[in-house]
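One line per chain: the protein sequences are A and B, in this order.
Throughout, the working numbering is defined as the position within the first sequence, counted from one, plus 595.
Throughout, the working numbering is defined as the position within the second sequence, counted from one, plus 595.
Note that beta-carbon positions come from the ideal geometry of N, C-alpha and C, so glycine has one too.
Take a look at the structure set out below.
Number of protein chains: 2
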Amino acid sequence: MDSRDTRTRIVRAAAELLQRQGYEGASVKPIAKAAGASVSSVYHFFPGGKQELAVEALRHGAAEYADLLSEGMAASPDPAEGVAACAHLMVASLKTSSWVDGCPVAVTALETVGRVPGIQQAAEEALAQWQRLVSTAIQRSGVPADTADELASTIISTLEGAELLSRVRQDDLPLRRAATHLSQLVRFAVAEHVP
Amino acid sequence: MDSRDTRTRIVRAAAELLQRQGYEGASVKPIAKAAGASVSSVYHFFPGGKQELAVEALRHGAAEYADLLSEGMAASPDPAEGVAACAHLMVASLKTSSWVDGCPVAVTALETVGRVPGIQQAAEEALAQWQRLVSTAIQRSGVPADTADELASTIISTLEGAELLSRVRQDDLPLRRAATHLSQLVRFAVAEHVP
DNA sequence: GCCCGACTGGATCGAACGTTCCAACCAGGT
DNA sequence: ACCTGGTTGGAACGTTCGATCCAGTCGGGC
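Printed below as a string of C-alpha cells:
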C-alpha cells in the first residue's frame with residue numbers, strides 16, 4: 596500500500612521545504628518532486644490545496660520539534676540543565692544541516708500572521724504544545740505551575756530567537772549564550788520556590 | 596524634485612510589505628502601488644531588481660528598529676528597566692498595528708538563509724548593530740564588555756522570539772513575560788559586577 | 001475474469017510572478 | 001525654442017504559480 600506511504604512522504608517533504616523556504620517560497624511542484632510523487636497526488640490527498648498541506652506539514656514538524664524538546668528536558672532531572680540540553684540539541688541539528696534544519700514553524704508562521712488563519716492556528720497550537728512540555732518538566736522540580744508557565748514562555752521565546760540569530764550568523768554562539776542565560780533563570784526560579 | 600522622494604517612498608513601502616509578507620510573498624507590483632510609483636521606477640532606482648530593493652529596505656527597517664531600541668534603553672539609566680522598556684515599546688507598536696508591525700528583518704532573513712547572500716548579510720549587520728546598541732547601554736552600568744555582549748545577544752534573541760510568540764498568539768503576554776525575565780538577568784549581571 | 005474505486009502522470013488552465021522595453025514626459029541649461 | 005537626461009506609464013516578455021482535468025493504471029472484492 597503506497598497510499599499512506601505516499602501521503603506521509605508528501606507531508607515530510609512539505610515540512611522540510613516549508614521550514615527552509617517558507618510558505619510562499621515552497622511551491623507545490625518541487626514539494627511533489629522531493630516526495631517522489633506527482634502533483635495530482637498532492638491534490639488527491641489534500642483537496643484543500645497548498646494551505647491544507649501546509650497545516651499538516653506544520654503539525655508534523657511541530658511533533659518532531661516536541662520530540663527534540665522532550666529529549667532535551669529528559670537529559671537531566673535538573674530543568675536548568677534540561678533547557679541547556681535543548682539548546683545544544685538544536686545546535687547539533689543546525690550544524691549537521693548547514694544551518695538549514697531549524698524550527699519548522701517560525702518562518703511559515705511569521706509570513707502568514709493575520710493572513711492565513713488555518714496556518715496561524717496550527718502554529719499557535721505548536722507553540723502552546725512546546726510550552727506545556729517545558730512547563731511540566733520545570734514543575735517536576737517543585738516550581739508552581741504559573742511560575743513554570745511564565746518561564747516556559749520565555750524559554751520558547753529565547754530558543755526561537757536564538758535560533759534565528761544563529762542561523763543568520765551561521766554561528767552557534769547565540770544559542771550557546773541563550774542556553775547559559777536560560778539555565779540561570781531556571782535555577783533562580785527553582786531556588787526561590789524550593790527551600 | 597520627486598526623485599529622491601520617490602526612491603524613499605519605494606524603500607519604505609518595500610520595508611513595510613517585506614516585514615508583513617516576507618521576501619517571496621511581497622511582490623514588486625504591490626510594492627510599487629503602495630509607494631504610489633510605477634514598476635519602471637522601481638527598476639530605475641534599483642537596477643539589481645527585487646533583491647537590491649530588499650537589501651535596502653532591510654537596512655531602512657533595521658535603522659528604524661534601532662531607533663526603537665535606543666529609545667527604550669534611554670528610558671532609564673538602569674539597563675534592566677531599559678530592556679523592559681524596549682519590550683513594552685514593541686508591545687505598543689504591535690498593538691496599534693494589529694500585530695503586523697514587528698521586526699522588519701526576521702521573516703525575510705529566515706526565509707532566505709543560505710539562499711540569498713545579500714539579504715543574509717544585511718540581516719546579519721542589522722542584528723549586530725542592535726546587539727552593539729544594547730551592549731553599550733549595559734556597559735554604562737559598569738558591566739564588562741564581554742559580559743554585556745553576551746547579555747545583549749540573549750536580549751536580542753529573546754525579544755525576537757517573544758515577538759514571534761506574541762504575533763502568532765495575538766497576545767502581548769509573551770513579550771511582557773520576556774521583559775520581566777530579561778530585567779532579572781540584567782539586574783543579576785549588574786549586581787555581580789558592580790559591588 | 002471483471003469491475004470498481006483509489007491512485008497517478010501529464011497536459012492544461014488563467015493568473016501572477018520578475019523583468020524588460022519603449023514612447024512619452026518634464027525640468028534645466030543653452 | 002530646442003535639446004537633453006533623468007524619470008515615468010503601460011504594454012509585453014517568458015516563466016512559474018496554484019489548481020483542475022482526464023485518461024489511464026492498479027489491486028482487492030465479487
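Which residues in chain B have a C-beta closer than 7 Å to the C-beta of A:Q715? List them in chain order. Chain B residues near A:Q715: V763.
Segment limits, alpha helix (DSSP H) that includes A:S635: Per DSSP, A:S635 belongs to the alpha helix (DSSP H) from 634 to 640.
Among A:P790, A:E676, A:H655, A:V738, which residue has its Cα nearest to the Cα of A:A718? In this structure, A:H655 is the residue among A:P790, A:E676, A:H655, A:V738 with its C-alpha nearest to the C-alpha of A:A718.
Element boundaries [alpha helix (DSSP H), containing A:Q726]: For A:Q726, the enclosing alpha helix (DSSP H) begins and ends at 712 to 734.
Using the beta-carbon count (16 or more within 10 Å), is B:A608 buried or exposed? Label assigned to B:A608: buried.
Quick check: the Cα distance between A:A652 and A:L613, rounded to an integer number of angstroms? If I take the Cα positions, the gap works out to 8 Å.
Around the C-beta of A:A669, are 16 or more other C-beta atoms found within 10 angstroms, so that it is buried, or is it exposed? Per the 10 Å Cβ criterion, exposed.
Classification of A:G737 by the beta-carbon crowding that lies within 10 angstroms, buried from 16 upward: A:G737 counts as exposed, since fewer than 16 other beta carbons sit within 10 angstroms of its beta carbon.
What is the rounded straight-line gap between the Cα of A:Q726 and the Cα of A:I750? So the alpha carbons of these two residues sit roughly 8 Å apart.
When the Cα of A:V729 is compared with those of A:A661, A:G713, A:R602, which residue comes out closest? Nearest option by C-alpha distance: A:A661.
Same chain, Cβ closer than 8 Å to B:A682, five either side skipped, listed in chain order: So the list reads G667, L754, A757, L770, R771, A773, A774, L777, once near-sequence residues are dropped.
The region 609 to 629 of chain A touching the region 696 to 716 of chain A, judged by at least three CB pairs closer than 8 Å: Yes, the region 609 to 629 of chain A is in contact with the region 696 to 716 of chain A.
Short check: CB of B:V686 to CB of A:G709, under 8 Å? Their beta carbons are not under 8 Å apart, which means B:V686 does not touch A:G709 by this criterion.
With H, G and I counted as helix, E and B as strand and the rest as coil, what does DSSP make of B:P674? Helix.
Would you give the residue range spanned by the alpha helix (DSSP H) that B:G644 belongs to? Segment 644 to 668, the alpha helix (DSSP H) holding B:G644.
Cβ pair A:R764, A:G697 closer than 8 Å: In this structure, A:G697 does not lie closer than 8 Å to A:R764 by Cβ.
Going along the chain, which residues of its own chain have a beta-carbon closer than 7 Å to the beta-carbon of B:L746, five neighbours each way excluded? Once the five neighbours on either side are set aside, the close Cβ partners of B:L746 are I733, L780, V781, A784.
Among the residues of its own chain, which have a CB less than 6 Å from the CB of B:P674, if the five just before and after it don't count? These residues qualify, in order along the chain: A732, I733, S736, V781.
Whole-angstrom distance between B:V623 and B:E720, CA atom to CA atom: Their Cα atoms are separated by approximately 24 Å.
Can you list the residues of chain B that A:E619 reaches, using a CB-CB cut of under 7 Å? Residues of chain B passing the Cβ test: G617, E619, G620.
For A:E647, which residues from the same chain have a beta carbon less than 7 Å from its beta carbon, with the 5 sequence-adjacent residues on both sides left out? Taken in chain order, the residues that qualify are F641.
Using a Cβ-Cβ cutoff of less than 7 Å, which residues in the same chain neighbour B:K645 once the five nearest sequence positions on both sides are dropped? Excluding residues up to 5 positions away in sequence, V623 lie with their Cβ nearer than 7 Å to the Cβ of B:K645 in the same chain.
Cβ-based neighbour list, B:S633, same chain, cut-off 7 Å, excluding 5 preceding and 5 following: Scanning its chain for C-beta atoms nearer than 7 Å, with the 5 sequence neighbours on each side dropped, one finds around B:S633 the residues A627, in chain order.
Could you list which residues in chain B have their beta carbon closer than 7 Å to that of A:H776, in chain order? Ordered by position in chain B, the residues that pass the 7 Å Cβ test against A:H776 are T749, L780.
In this structure, how does DSSP classify A:Q765 when only helix, strand and coil are distinguished? If DSSP states are grouped into helix, strand and coil, A:Q765 belongs with coil.
When you compare only the Cα positions, how much space is there between A:P739 and A:E659? Looking at the two C-alpha atoms, the distance is approximately 28 Å.
Identify each residue in the region 707 to 734 of chain A for which the Cβ-Cβ distance to at least one residue of chain B is less than 7 Å, and report them in chain order. Listed by position along the chain: V708, G709, Q715, A718, E719, L722.
Alpha carbon to alpha carbon, how far is A:H788 from A:A575? Give it in angstroms, no decimals. A query on residue 575 of chain A cannot be resolved here, the shown segment of chain A reaching from 596 to 790 and no further.
Quick one: grab the DSSP three-state call for B:G617. Three-state DSSP puts B:G617 in a helix.
So, using beta-carbon positions, are A:S748 and B:L760 closer together than 8 Å? Yes; because the gap between Cβ atoms is below 8 Å, this pair is in contact.
Alpha-carbon spacing of B:V606 relative to A:P790, whole angstroms: About 56 Å.
What does a CB cutoff of less than 7 Å around A:A786 pick up in its chain, not counting 5 residues either side in sequence? The beta carbon of A:A786 is closer than 7 Å to none in its chain, skipping five residues each way along the sequence.
The alpha helix (DSSP H) that contains A:V702, what's its start and end? For A:V702, the uninterrupted alpha helix (DSSP H) run begins and ends at 701 to 707, by DSSP.
Using DSSP with H/G/I as helix, E/B as strand and the rest coil, what is B:G631? Residue state, collapsed to three classes: coil.
Selection from A:D600, A:H639, A:A723 that minimises the alpha carbon distance to A:S752: Check the Cα spacing between A:S752 and each of A:D600, A:H639, A:A723: the tightest is with A:A723.
Chain-ordered chain A contacts of B:T603 [CB-CB under 7 Å]: Going along chain A, no residue has its Cβ under 7 Å from B:T603, so there is no contact; the nearest lies around 25 Å.
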